[in-house]
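Just so we're aligned, residue 1 is where the first sequence starts under full-length UniProt numbering, counting upward by one.
Note that beta-carbon positions come from the ideal geometry of N, C-alpha and C, so glycine has one too.
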Amino acid sequence: MRAHASVLHLDLDAFFASVEQRDKPSLRGKPVVVGGVGGRGVVATASYEARRYGVRSAMSTREARSRCPHAAFLTGRFGAYREASRQVMAALREVSPLVEPLSLDEAFVDLAAADLPDLEVDTVTGVADRLRHRVAEATDGLTSSVGLASSKFLAKVASDLDKPDGLVVVPPGTETELLRPMAVTVIPGVGPATAERLRRAGVTTVADLERVPLEELVSLLGKAHGGSLHLLARARDDRPVVPEREAKSVSVEATYDSDLSDVRVMEAVLTRQAADVARRLRESGASGRTVSIKVRLHDFTTVSRSSTLSSPTDDPGVVARLARALLAELAAGPDVGVQLRGGVRLLGVGVSGLADWVQEDLFSSLEEPEDDEAEDLPEPPRARQGSAFAPGVDVEHVEHGRGWVWGAGRGVVTVRFETRESPAGPVRSFSLEDPDLRLWTPEVPEDDDPLA
DNA sequence: TCTGGGGTCCTAGGACCC
DNA sequence: TCTGGGGTCCTAGGACCC
């Protein structure tokens, strides 16, 4: 918590719906609902006109239609939303270099990093007011709500207090007074499950929460969650505004209007999703070691399976093969297998454990292995390395190791090892001499293993 | 025919290593 | 002969957020 109200939170009002109304004048002043329009769709954003009929985010589109049949129901145009978001973030960066986007329509701005004469309430209020007008100007009329406070938590609470098109400042020193009468659900991280647990413990307001000892919160909610709630209930929040966070996973999933029951169709879906995920990985210059699938059964139970490769991949074939293998593993399972054939409503593929490794880093640190070291490496090393994959190259031979090299074509591949000393003992790693190849060393079926 | 899609973070248990 | 504890990695699931 800072001495000044120098954390700004900006939230675009009914963002997706507002973009639609901006771009299509006939929708202005009318209820607009953006979201899935299929049989299993949900509402992403409802315009304020639609909210008057009780339409809310995350509500099923079916219910939204029954509440407000005359609304315009639209699927999202994410290209337009991304463009508007880009304009907003650029406007925010004109004020301060420290801008942390939370999503397309929300961001924190650290005014302490801005070029201002001081951080007094009047000064930052003026900045915030001009910023809202600048955002409207940059986006051709989108309105936003802004909160200013001494921490991220309070700034976000504040931006919610006067929606839409509002500006609320929490003067330093008044934070706890503002929070105490509020419901615990204003605290980020308190969703339905946590709120219910707290309610059973007699806690419904922040003031109630403040009276619960730390040990009790930890035993109720776990170490991390209990600890953070104990702090936030007292308005204690020192989280910095952090621009540019690295993505940790990439995934694609889809819910189908009617359940899938043919495993071959599911495999085809996973293959296509794997290609989408791999394409997005490549576009962002990233690759990841853990491939996961997600399966939601007809009764809404959700199961996931994952497998971790010894080196990162962004290869659509590798991701697809592993995804299908994970599905096959599920289908063979005694419990899930039966249900799988009973119908699957959602399928998804993800890659996590992202590392946007740079080839130079790998090969520059490489040293020629000692002869006896090479002899002493019967097991596949637990490698953390890989290299970009070039189609059109094949592999006939791998020295010093067991694994698969993905490719198609002809050639000879040499796997190089190095052993480095670390405080934890020797660390083995490997790489390929050809930087355009990739070695993969997970468990491979014997009859499928070219090196067995 | 209730219940999206894209993420993040946490927990808990088991394997494995020192 | 019996008994260890800590750290890291991996997996599965759950809660939460926009």
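Exercise. Going straight from the alpha carbon of THR301 to that of SER258, what length do you get?
Worked result: Translated into positions along the first sequence, residue 301 becomes position 301. Translated into positions along the first sequence, residue 258 becomes position 258. Taking the straight line joining both Cα atoms gives about 16 Å.
Problem set entry | Contacts around LEU154, its chain only, beta-carbon distance under 6 Å, and the 5 residues preceding and following it disregarded | One-based indexing of the first sequence puts residue 154 at position 154. VAL170 and GLU175, listed in sequence order.
Exercise. Can we count LEU142 as close to the ligand GDP, meaning its CB is less than 7 Å from some heavy atom?
Worked result: Of the ligands one can find in the structure shown there are none, so the ligand GDP has no counterpart to examine.
Exercise. Can you tell me whether DSSP reads SER66 as helix, strand or coil?
Worked result: Indexing the first sequence from 1 puts residue 66 at position 66. If DSSP states are grouped into helix, strand and coil, SER66 belongs with the helices.
Exercise. If you count every other CB in all the chains shown that lies within 10 Å of the CB of GLU283, and 16 or more means buried, which is it?
Worked result: Here residue 283 refers to the residue found at position 283 when the first sequence is read from its first residue. Burial call: exposed.
Exercise. CB ASP110 to CB VAL7, shorter than 8 Å?
Worked result: For the purposes of this step, residue 110 is identified with residue 110 of the first sequence, where counting begins at 1. For the purposes of this step, residue 7 is identified with residue 7 of the first sequence, where counting begins at 1. Result yes, Cβ atoms of ASP110 and VAL7 sit closer than 8 Å.
For this session: Express the C-alpha separation of LEU327 and ALA183 in angstroms, rounding to a whole number.
Result: As a working mapping, residue 183 is identified with position 183 in the first sequence. As a working mapping, residue 327 is identified with position 327 in the first sequence. Distance between the alpha carbons of ALA183 and LEU327: 43 Å.
Exercise. For the beta strand (DSSP E) that contains LYS294, what are its first and last residues?
Worked result: Along the first sequence, read from residue 1 onward, the residue named residue 294 stands at position 294. Here the beta strand (DSSP E) through LYS294 covers 288 to 297.
Exercise. In the stretch 74 to 136, which residue ranges form an unbroken beta strand (DSSP E) of at least 3 residues, counting only runs that do not cross its ends?
Worked result: 99 to 103 and 106 to 110
Problem set entry | CB contact flag (LEU167, VAL146, <8 Å) | Position 167 of the first sequence, counted from the first residue, corresponds to residue 167. Position 146 of the first sequence, counted from the first residue, corresponds to residue 146. Closer than 8 Å, so yes.
Exercise. In three-state terms, what does DSSP make of GLU253?
Worked result: The count along the first sequence starts at 1 and reaches residue 253 at position 253. In this structure, GLU253 counts as strand in the three-state DSSP scheme.
Exercise. Hey, how far is the Cα of LEU437 from the Cα of GLY226?
Worked result: The residue given as residue 437 occupies position 437 in the first sequence. The residue given as residue 226 occupies position 226 in the first sequence. Its pLDDT being 48, under 50, LEU437 is placed unreliably by the model, and nothing is read from it.
For this session: Please name the residue, chosen from ALA320, GLY288 and LEU260, that lies closest to GLN339 on a Cα-to-Cα basis.
Result: In the first sequence, counting from the first residue as 1, residue 339 sits at position 339. Residue LEU260 is the option with its Cα nearest to GLN339.
For this session: Using the Cα positions of PRO117 and ALA355, report the straight-line distance between them to the nearest angstrom.
Result: Taking the first residue of the first sequence as position 1, residue 117 is located at position 117. Taking the first residue of the first sequence as position 1, residue 355 is located at position 355. Approximately 41 Å, taken between the alpha carbons.
For this session: Quick one: residues in its chain with C-beta nearer than 7 Å to the C-beta of PRO243, no 5 flanking neighbours on either side, listed in chain order?
Result: Sequence index remark: in the first sequence, residue 243 carries index 243 (1-based). Contacts found: LEU98, VAL99 and GLU100.
Problem set entry | Inter-stretch contact (C-beta, 8 Å, three-pair minimum) for the stretch 213 to 224 and the stretch 69 to 87 | no
Problem set entry | GLY126 to ARG132 span [Cα, whole Å] | Here residue 126 refers to the residue found at position 126 of the first sequence. Here residue 132 refers to the residue found at position 132 of the first sequence. For GLY126 and ARG132, the distance between alpha carbons rounds to 10 Å.
Problem set entry | Boundaries of the beta strand (DSSP E) in which PRO171 is found, first to last residue | Working through the first sequence from its first residue, we reach residue 171 at position 171. First-last for PRO171: undefined, no H or E at that position.
For this session: May I have the straight-line CA-CA distance separating ASP238 from ALA325, to the nearest angstrom?
Result: Mapped onto the first sequence, residue 238 falls at position 238. Mapped onto the first sequence, residue 325 falls at position 325. Their backbone Cα atoms lie some 45 Å apart in a straight line.
For this session: Out of ALA193, LYS294, ILE187 and ALA224, state which residue places its alpha-carbon closest to the alpha-carbon of LEU209.
Result: Position 209 of the first sequence, counted from the start, is the residue given in the question as residue 209. For LEU209, the nearest C-alpha among the options comes from ILE187.
Exercise. Taking the continuous alpha helix (DSSP H) assigned at PRO316, which residues delimit it?
Worked result: Sequence index remark: in the first sequence, residue 316 carries index 316 (1-based). 316 to 332 is the extent of the alpha helix (DSSP H) around PRO316.
For this session: Can you tell me which of PRO213, PRO172 and HIS230 puts its alpha carbon nearest to the alpha carbon of VAL190?
Result: Position 190 of the first sequence holds residue 190. Considering only alpha carbons, the answer is HIS230.
Exercise. Any idea what DSSP makes of LEU161, helix, strand or coil?
Worked result: Reading the first sequence from its first residue, position 161 is the one you call residue 161. DSSP places LEU161 in coil when its eight states are reduced to three.
Exercise. Are the Cβ atoms of SER352 and THR313 separated by less than 8 Å?
Worked result: Residue mapping note: residue 352 aligns to position 352 of the first sequence, counting from 1. Residue mapping note: residue 313 aligns to position 313 of the first sequence, counting from 1. Cβ distance not < 8 Å, so SER352 and THR313 don't count as in contact.
Exercise. Which residues does DSSP pair with ALA183 in a beta bridge?
Worked result: By one-based count along the first sequence, residue 183 stands at place 183. In DSSP, ALA183 forms a bridge with THR205.
Problem set entry | Strand pairing of LEU344, partner residues [DSSP] | The count along the first sequence starts at 1 and reaches residue 344 at position 344. Sequence inspection shows Val at residue 344; the Leu mentioned does not correspond to that position. The partner list for VAL344 (beta bridge, DSSP) reads LEU260 and LEU297.
Exercise. What do you get for ARG308, buried or exposed, if any count of 16 or more other CB atoms within 10 angstroms of its CB means buried?
Worked result: For the purposes of this step, residue 308 is taken as residue 308 along the first sequence, with counting starting at 1. Residue identity check: residue 308 is Thr in the sequence provided, not Arg. Looking at its Cβ environment, which holds fewer than 16 other Cβ atoms inside 10 Å, THR308 is exposed.
Exercise. Among VAL157, ALA278 and GLY285, which residue has its Cα nearest to the Cα of VAL291?
Worked result: Numbered from 1 along the first sequence, position 291 holds the residue referred to as residue 291. That would be ALA278, whose Cα lies nearest to the Cα of VAL291.
Exercise. For the beta strand (DSSP E) that ARG305 lies in, which residues bound it at each end?
Worked result: If you number the first sequence from 1, residue 305 lands on position 305. Looking at the DSSP string, the run of the beta strand (DSSP E) that includes ARG305 is 302 to 313.
Exercise. Tell me which same chain residues have a C-beta within less than 7 Å of the C-beta of ALA44, skipping the five on either side of it?
Worked result: Locating residue 44 in the first sequence gives position 44, counting from the first residue. Contacts found: PHE16, VAL34, GLY35, SER57 and GLY76.
Exercise. Do ALA14 and PRO164 have their CB atoms nearer than 8 Å?
Worked result: For the purposes of this step, residue 14 is taken as the residue at position 14 of the first sequence. For the purposes of this step, residue 164 is taken as the residue at position 164 of the first sequence. In contact: ALA14 and PRO164 (Cβ atoms closer than 8 Å).
Exercise. Can you tell me whether ARG289 is buried or exposed, with buried defined as 16 or more other CB within 10 angstroms of its CB?
Worked result: For the purposes of this step, residue 289 is identified with residue 289 of the first sequence, where counting begins at 1. Label assigned to ARG289: buried.
Exercise. In this structure, does DSSP put THR143 in helix, strand or coil?
Worked result: Start at 1 with the first residue of the first sequence, and residue 143 comes out as number 143. Residue state, collapsed to three classes: coil.
Problem set entry | Beta bridge counterpart(s) of LEU354 as assigned by DSSP | Sequence index remark: in the first sequence, residue 354 carries index 354 (1-based). Its beta-bridge partners are GLY288.
Problem set entry | Same chain only: Cβ atoms within 6 Å of ALA158, ignoring 5 sequence neighbours per side | The residue given as residue 158 occupies position 158 in the first sequence. Answer for ALA158: GLY147, ALA149, VAL168 and VAL170, listed in chain order.
Problem set entry | Proximal residues to GLU20 (C-beta, below 7 Å), its chain only, five neighbours per side dropped | Here residue 20 is taken as the residue at index 20 of the first sequence, counted from 1. So the qualifying residues of the chain are LEU27, VAL32, VAL34 and LEU74.
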